[in-house]
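Under this note's numbering, the residue at position 115 of the sequence shown is numbered 199, and the numbers go up by one with no gaps.
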Amino acid sequence: MRKRFVALGDSFTEGVGDDDPTRPNGVRGWADRVAEQLAAADAEFRYANLAIRGRLLDQVLADQLEPALRLAPDLVTLYAGGNDLLRPKVDIDALADRYERAVARLAGTGATVLLFTGVDGAADPVFRKLRGRTAIFNEHTRVIAARHGARVVDLWAMRQLRDRRLWAADRLHLNSLGHTEVAIAVLDVLGVPHELSSADLGPHAVVSRRQQRAENLRWGREHVLPWIRRRLRGESSGDTISPKRPDLLPL
């Protein structure tokens, strides 16, 4: 039984896109959902979430790895590198080398380590262009996991995540439905019984080309341009954010 769960990473693990004003940082996310299911079966369960939105791989490792090790978890989830893949230039092989060194340290503690592949952006005309980078990083992830006895939650294989109805308005983060899908996948990989279920969304609504263009223009204006402005100013969405659960505490 896992009693000490620590989650590391960026916005994906923090829970961005799954808004909940009653929670720290105003978000819930898949990791909270996993923790809730684990806590329901064990009164001694404790959970920490060190993830912060906007963090690059090196920032995640520099700021979160040592604190995570000090917490002595028996279950660790780690996903980082997605923000690096969005940058114009990235050395994926070097990125994977640094990622592997961190995984080796986590696995060396005897904890169960869960890694994630990136989502397949085939259904989105913008993120489709990143498929090659993501696929290469995914293969590194699978090899790293095999070398160090980590488990893999294969988001790339989850075809349901191609459905835009599982994504927030920014198209970069999952909404509550998407985070629930990830939580189900994590619990299934762990072999943990749970009470979560997928939403029955039914068929897609028919959207005209005119509506699609209007939605794309709105997305660009409301989400892409602010992201570009932050990049030009050297800012990150996580600059004023702290980990929402820095200590191992009961739910």
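Think of the CB as a built atom: it goes at the ideal place given N, C-alpha and C, for glycine as much as any other residue.
CB of residue i within 9 Å of CB of residue j, strictly
i	j	result
S320	R329	no
D175	A135	no
F129	L335	yes
L141	L190	no
R249	R255	no
G50	G202	Residue coverage of the chain in this structure runs from 85 to 335, which leaves residue 50 outside it and unanswerable.
R226	V236	yes
P287	A132	no
A188	H232	yes
E279	V291	no
Closest Cα partner of residue i within the set the options
i	options	result
L92	L159, H263, A252	L159
T264	M85, V90, G101	G101
G205	I312, L170, A115	L170
M85	P277, N133, T201	P277
F221	E184, N300, L316	E184
L333	A127, R182, P209	A127
G113	K87, A252, A234, P172	A252
R182	L285, R212, Q143	Q143
V210	G318, R88, L301	L301
Residue i classed as buried or exposed, judged by whether at least 16 other C-beta atoms fall within 10 angstroms
i	result
D323	exposed
H257	buried
S260	buried
D177	exposed
L145	buried
D116	buried
R137	buried
A229	buried
P157	buried
D168	buried
L239	buried
R139	buried
V118	buried
R283	In the sequence on display, residue 283 carries Ala and not Arg. So A283 counts as exposed.
A234	buried
A125	exposed
A152	buried
Supposed contact pair residue j and residue i - C-beta distance, whole angstroms, cut 8 Å
i	j	result
L199	Y163	7 Å
E98	V111	6 Å
L149	A186	6 Å
V197	L155	No, V197 and L155 are not in contact; Cβ-Cβ is about 14 Å, not under 8 Å.
Contact between the segment 97 to 113 and the segment 268 to 276 (3+ Cβ pairs under 8 Å): no
Given 8 Å, three or more beta-carbon pairs between the segment 249 to 266 and the segment 215 to 234: no
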